[in-house]
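Structure record follows, encoded as structure tokens.
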Amino acid sequence: MFFLPKANPLYEEISTDKVLLPDLLEKLGKGHFTGYLNYTAPDFESCCVFANGKLICSISSDGGRVKTGFEAITLMFDKVFSSGGEINVYRMTADLVMCAHALLLGSKLMNGEEVRRVDIKSMLARVKGQGMNGVVRFYTDERYALMCYKAGTPIGFYHDGIRTIETTPDEARKIAGLPGARVEVRSTKPVEELMLYDLLQMVNLHKLWEAARSRDSFTPRAASTPAIQPQTVIPPGQHDEKLTELVEDLQEVAMAYLSKEGRALINKCLDEAGGKTALLDSGKTEALLKQIKNGAWNIDSQARIEEMVDLMKSEIAGRIAV
Numbered sequence: 056m057f058f059l060p061k062a063n064p065l066y067e068e069i070s071t072d073k074v075l076l077p078d079l080l081e082k083l084g085k086g087h088f089t090g091y092l093n094y095t096a097p098d099f100e101s102c103c104v105f106a107n108g109k110l111i112c113s114i115s116s117d118g119g120r121v122k123t124g125f126e127a128i129t130l131m132f133d134k135v136f137s138s139g140g141e142i143n144v145y146r147m148t149a150d151l152v153m154c155a156h157a158l159l160l161g162s163k164l165m166n167g168e169e170v171r172r173v174d175i176k177s178m179l180a181r182v183k184g185q186g187m188n189g190v191v192r193f194y195t196d197e198r199y200a201l202m203c204y205k206a207g208t209p210i211g212f213y214h215d216g217i218r219t220i221e222t223t224p225d226e227a228r229k230i231a232g233l234p235g236a237r238v239e240v241r242s243t244k245p246v247e248e249l250m251l252y253d254l255l256q257m258v259n260l261h262k263l264w265e266a267a268r269s270r271d272s273f274t275p276r277a278a279s280t281p282a283i284q285p286q287t288v289i290p291p292g293q294h295d296e297k298l299t300e301l302v303e304d305l306q307e308v309a310m311a312y313l314s315k316e317g318r319a320l321i322n323k324c325l326d327e328a329g330g331k332t333a334l335l336d337s338g339k340t341e342a343l344l345k346q347i348k349n350g351a352w353n354i355d356s357q358a359r360i361e362e363m364v365d366l367m368k369s370e371i372a373g374r375i376a377v
């Protein structure tokens, strides 16, 4: 479970047979939705978190396997075709969306330490003193409670079994006092910074959906990472236009993960590969992506580089395939 608050439902328990998931995700984006979409199937859960219509993160858990970003969406689409399931959508404030991001993908400041071994008063003082954006979660095997923070100030409290965001931490204190209770603390960036990242602008949802449909209908279950096409056939006269668009896509992806240095990296690697026509050759493309990956590590080793390269593979496969 991802333990996100279920306080303000927009849709609940909608069968995947009744909705096209790519269309719903795009509708939430165009509608400037703030909150999250939750998809569940047996032994599977996905969450897509939106802030003012921007898809700031996605995560999927398939048993013990966890994927994020582009891979999480791919895994979710595959699961819809193989297992069906249900969709829930919950509204949130932008501040609570920030806390949801922290809970799902934030930096772990504490990771399940026993409450009885932690000086909780000092820990909460550090949360305040450091101006933390994020979540403190107390939990046992049966219960959990969330304390949500913005700039070190508590902005709401939530626990299992309720449908509202509370204004007092009374239940959190009770759960923290239960035998065997544990605590985790996760932090993230301000929501304004999180909104600089928008997966909806970086992936073609309908291409991913059709690829998942194809895998389910015609082939055994495949790995979620799209393969580079071994051959490409593009009608004469369309090479330059398609390649120019593809290079722009790759630059946008790189900038989303590496800021303006990402664009410079793509240009440098393409120049060294002999220009954008290298993308028409599968062998040269593999070498190019490896060079981009190595260059990205030198720019920012903390960036989600594997995810970035997988997304580039998807863009290349989508743009230059027949």
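Taking my numbering, I'd label the letters of the sequence shown as residues 56 to 377.
Heads up, the beta-carbon is just placed ideally off N, CA and C, and yes, glycines get one too.
*Compare the Cα-Cα distances from Phe105 to each of Asp98, Gly86, Phe99 and Leu366 and report the closest residue.*
By one-based count along the sequence shown, residue 105 stands at place 50. It is Gly86.
_Can you find the residues in the same chain that come closer than 8 Å, C-beta to C-beta, to Cys324, ignoring five residues on each side of it along the sequence?_
Translated into the one-based positions of the sequence shown, residue 324 becomes position 269. Excluding residues within five positions, the ones whose Cβ falls inside 8 Å are Leu343, Gln346, Ile347 and Gly350.
*asked:* Taking 8 Å as the cut-off, does the stretch 220-239 touch the stretch 91-111 (at least 3 CB pairs, one atom from each stretch)?
replied: Contact between the stretch 91-111 and the stretch 220-239 is absent, because fewer than three Cβ pairs lie under 8 Å.
*In angstroms with no decimal places, state the Cα-to-Cα distance between Ala267 and Phe193.*
Residue mapping note: residue 267 aligns to position 212 of the sequence shown, counting from 1. Residue mapping note: residue 193 aligns to position 138 of the sequence shown, counting from 1. Using only the alpha carbons, I get a separation of about 38 Å.
_Per-residue burial, Pro224 [other beta carbons within 10 Å of its own, 16 or more giving buried]_ = The sequence position of residue 224 within the sequence shown is 169, counting from 1. Counting of Cβ neighbours within 10 angstroms places Pro224 among the buried residues, the total reaching 16 or more.
*Roughly how many angstroms separate the alpha carbons of Thr274 and Lys109, rounded to a whole number?*
As a first step, residue 274 is located in the sequence shown; it is residue number 219 there, counting from the start. As a first step, residue 109 is located in the sequence shown; it is residue number 54 there, counting from the start. Reliability fails at Thr274, whose pLDDT of 42 lies under 50, so the model's placement of it is uncertain and no value is given.
*Can you tell me which of His261, Phe212 and Val246 puts its alpha carbon nearest to the alpha carbon of Ala157?*
Translated into positions along the sequence shown, residue 157 becomes position 102. Sorting His261, Phe212 and Val246 by C-alpha distance to the C-alpha of Ala157 places Val246 at the top.
*Straight-line CA distance for Val191 to Glu300?*
In the sequence shown, counting from the first residue as 1, residue 191 sits at position 136. In the sequence shown, counting from the first residue as 1, residue 300 sits at position 245. Going from the Cα of Val191 to the Cα of Glu300 covers about 44 Å.
*Segment limits, alpha helix (DSSP H) that includes Phe57*: Residue numbering aside, residue 57 sits at position 2 when the sequence shown is read from its first letter. Counting along the chain, Phe57 falls outside any alpha helix (DSSP H), and DSSP gives it neither H nor E.
*Would you report the Cα separation of Thr340 and Met257, rounded to the nearest angstrom?*
Locating residue 340 in the sequence shown gives position 285, where the first residue counts as 1. Locating residue 257 in the sequence shown gives position 202, where the first residue counts as 1. For Thr340 and Met257, the gap between their C-alpha atoms comes out near 20 Å.
*Got a sec? Which residues, its chain only, sit under 7 Å from Ile283 by beta carbon, not counting five neighbours each side?*
Working through the sequence shown from its first residue, we reach residue 283 at position 228. Because the pLDDT at Ile283 is just 45, under 50, the model does not fix this residue reliably, and the point stays unresolved.
_Other residues of its chain near Val144: CB distance less than 6 Å, five sequence neighbours each side excluded_ = Along the sequence shown, read from residue 1 onward, the residue named residue 144 stands at position 89. Correct list, in chain order: Leu65, Tyr66 and Leu92.
*Among Thr129, Met250, Arg218 and Glu68, which one has its Cα closest to the Cα of Lys61?*
Numbered from 1 along the sequence shown, position 6 holds the residue referred to as residue 61. If we check each option's Cα against that of Lys61, Arg218 comes out closest.
*Classify Ser162 as buried or exposed, calling it buried when 16 or more other Cβ atoms lie within 10 Å of its own Cβ.*
Here residue 162 corresponds to residue number 107 of the sequence shown, with the count starting at 1. The Cβ neighbour count for Ser162, taken over all protein chains shown within 10 Å, is under 16; the residue is labelled exposed.
*CB-CB under 6 Å to Ser279, same chain, minus the five flanking residues each way: which ones, in chain order?*
Counted from its first residue, the sequence shown places residue 279 at position 224. Bear in mind that the predicted position of Ser279 carries a pLDDT of just 45, short of 50, making it unreliable; the figure below should be weighed with that in mind. Glu126, Thr129 and Leu130.
*Could you tell me whether the stretch 325-332 touches the stretch 354-365, where touching means 3 or more Cβ pairs closer than 8 Å?*
Counting Cβ pairs under 8 Å, fewer than three are found: no touch.
*Alpha carbon to alpha carbon, how far is Ser177 from Pro77?*
Against the sequence shown, residue 177 aligns to sequence position 122. Against the sequence shown, residue 77 aligns to sequence position 22. Rounded to the nearest angstrom, the two C-alpha atoms are 45 Å apart.
*Helix or strand or just coil, what does DSSP make of Ser138?*
In the sequence shown, residue 138 corresponds to position 83, counting from 1. Looking at Ser138 - three-state DSSP - the assignment turns out to be helix.
_Leu255 versus Phe212: straight-line alpha-carbon distance, rounded_ = Translated into positions along the sequence shown, residue 255 becomes position 200. Translated into positions along the sequence shown, residue 212 becomes position 157. Note on geometry: alpha-carbon atoms of Leu255 and Phe212 lie some 30 Å from one another.
*Could you give the distance in angstroms between the alpha-carbon of Leu201 and the alpha-carbon of Lys183?*
The count along the sequence shown starts at 1 and reaches residue 201 at position 146. The count along the sequence shown starts at 1 and reaches residue 183 at position 128. Taking the straight line from one Cα to the other gives about 16 Å.
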